[in-house]
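What the sequence shown shows, in this note's numbering, is residues 266 to 654, in sequence order.
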Amino acid sequence: MRILHTSDWHIGATLKGQSRMSEQYAVFGELVDVARREKPDLVIVAGDLFETAAPSAAAQKLLVKTLSDLRATGADVIAIAGNHDHGAALDALRGWADAAEITLRGTIRSAADHLIAGRTADGEPWQCAALPFVSQRYAVRATELFELTAAETGQSYTDHLRRLVAALSVSFTGETINLVTGHLTVVGGKLGGGEREAHTVADYAVPSTIFPPTTHYVALGHLHRRQKITAGCPVHYSGAPIAVDFGEESYTPGALLVDVGVDTPAEVTHVPLSEAVALQTLRGDLDELRKADVMPGAWLRVYIKEKSRAGLRDEVKELFPRALSIQIDPSVADAQNRPRRPSRAGKTPRQLFSDYLEEKGVDDPAVTALFDKLYDKVSTVEDDSEEVV
């Protein structure tokens, strides 16, 4: 069986106010070309289909087109919601998805709804436990929907996720190719530049032991850095097909091809995607910047090593029309030996709150934990849909 594993599309994402929709059309067109060429039996999209919970009409159009084109290659397609997605809104598309023979899962329903079974063109049976993103405050509700007992609120997030995965994998046997896909943080995973901070802190990280050893392959999304997790079964993050910010400029965008059989260990190959526009950071004074080796067509972030003066930004912008961010290098400001407040640029809400606590001399883990919970509450889309049984 061949699987094409991709995740973290973030359709509709902008970069410093710059639209990237045309770039995303090119990248996902290339991804479809990969599917046509490599002929996977199954395509797994492991969450964060959209950049925001309220995607534009253009973003929704691109999602529908890409999923439809992937299905048209003859592959089965499974896509799940991530923490950036509005799960209930994705579930509203299930009527279309079902008609198009595409499996789309936005929110947790019954356990039977999240175990998808199929056969390859050669008749190999497979089954996939598909678990969309579960926030900490909905973990108890998710276990209740799975009709699991003893879902006390006192249990940890890991306890709830472990029980959800166990319920989905109870039917894994040695006669089928057993797969799991989820959008979550696994202990030991390395963060990228675009994950939502509140959903990558310790309370959200689960151990790889939640995946049973009978699993042939675990296709994960959420961490944008492509990586393999040490576990009792093959666990991989595919990495994002496009860098969402300059913190990911060193990554090679792509997807994973997985060849696996009932009695054959998973063989994983990275397939780079070349249509993504490169991101590049430049540092130096004007003379050094004029000599800089700039990648053709790249979006640029420039740190200028000169004191601020009138017209400096315009000079840099004239030199680099594709510079989306132009800042005075922090080393220059530090050299002036003037007291200044810590920069807020590029910091997450949790980092800013930590800076505030440090400034006030507060060292209380309980305060930080309370902030994480409150931030999770306001940054996670509430599922206000009514369950129809």
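From the three backbone atoms N, C-alpha and C, an ideal C-beta is built for every residue, glycine too.
By the three-class DSSP mapping on this structure, what secondary structure does residue i have?
i           : result
residue 375 : coil
residue 389 : coil
residue 362 : helix
residue 507 : coil
residue 615 : helix
residue 637 : helix
residue 329 : helix
residue 316 : coil
residue 269 : strand
residue 577 : helix
residue 516 : coil
residue 541 : coil
residue 284 : strand
residue 488 : coil
residue 456 : coil
residue 352 : helix
residue 294 : helix
residue 654 : For residue 654, the predicted structure reports a pLDDT of 34, less than 50, and the residue's modelled location is therefore unreliable. A value from the coordinates is still provided. Here residue 654 sits in coil by DSSP.
residue 321 : coil
residue 602 : Below a pLDDT of 50, predicted positions are generally treated as unreliable, and residue 602, at 48, falls in that range; no measurement from the model is reported.
Please decide whether residue i counts as near chain D, where near means a Cβ-Cβ distance under 8 angstroms.
i           : result
residue 272 : Of the protein chains in this structure there is only one, and it is not chain D.
CB-CB under 7 angstroms to residue i, same chain, minus the five flanking residues each way: which ones, in chain order?
i           : result
residue 517 : 537
residue 289 : 276, 327 and 507
residue 584 : 554 and 555
residue 572 : 597
If you drop the 5 nearest sequence neighbours on each side, which residues of the same chain put their C-beta closer than 6 angstroms to that of residue i?
i           : result
residue 493 : 501
residue 473 : 451, 494, 496 and 500
residue 299 : 536
residue 568 : 548, 592 and 594
residue 477 : 434
residue 563 : 543 and 545
residue 359 : 369
residue 390 : 384 and 441
residue 505 : 273 and 489
residue 503 : 270, 271, 272, 520 and 521
residue 654 : Per-residue confidence for residue 654 stands at a pLDDT of 34, beneath the threshold of 50, marking its modelled position as unreliable; no derived number is given.
residue 524 : 267 and 532
residue 602 : Here the model assigns residue 602 a pLDDT of 48, short of 50, so the residue's position is not dependable, and the following value carries that caveat. Answer for residue 602: no residue qualifies.
Residue i bridges to which residues according to DSSP?
i           : result
residue 383 : 391
residue 588 : 565
residue 493 : 501
residue 343 : 309 and 368
residue 409 : Paired residue(s): none; residue 409 is not in a bridge.
residue 470 : 450
residue 673 : There is simply no residue 673 to check, as the chain begins at 266 and stops at 654 in what is shown.
residue 483 : 445 and 500
residue 475 : DSSP, once it has assigned bridges, lists no residue as partnering residue 475.
residue 277 : Per DSSP, none; premise fails for residue 277.
residue 547 : 567
residue 396 : 447
Among the residues of its own chain, which have a CB less than 8 angstroms from the CB of residue i, if the five just before and after it don't count?
i           : result
residue 471 : 422, 423, 426, 427, 449, 450, 451 and 452
residue 636 : 615 and 618
residue 283 : 564 and 589
residue 540 : 288, 291, 292, 294 and 295
residue 392 : 380, 381, 382, 383, 436, 437, 441, 442, 443 and 444
residue 455 : 488, 490 and 492
residue 642 : 402
| said: Taking contact to mean 3 or more Cβ pairs, one atom from each stretch, closer than 8 angstroms, check whether the stretch 523 to 535 and the stretch 548 to 557 are in contact. | reply: no
| field | In chain order, each alpha helix (DSSP H) run of at least 4 residues that lies wholly inside the stretch 415 to 451 | value | 422 to 434
| Contact between the stretch 468 to 485 and the stretch 438 to 452 (3+ Cβ pairs under 8 angstroms) | A contact is defined here as three or more CB-CB pairs under 8 angstroms, and the stretch 468 to 485 meets this definition with respect to the stretch 438 to 452.
| task | Could you say if the stretch 308 to 323 and the stretch 399 to 406 meet the contact criterion of at least three C-beta pairs nearer than 8 angstroms? | result | no
| said: Can you confirm whether the stretch 354 to 367 touches the stretch 333 to 343 when touching is taken to mean that 3 or more C-beta pairs between the two stretches lie within less than 8 angstroms? | reply: Segments in contact, yes.
| task | Decide if the stretch 621 to 635 is in contact with the stretch 571 to 589; the criterion is three or more beta carbon pairs, one per stretch, under 8 angstroms apart. | result | no
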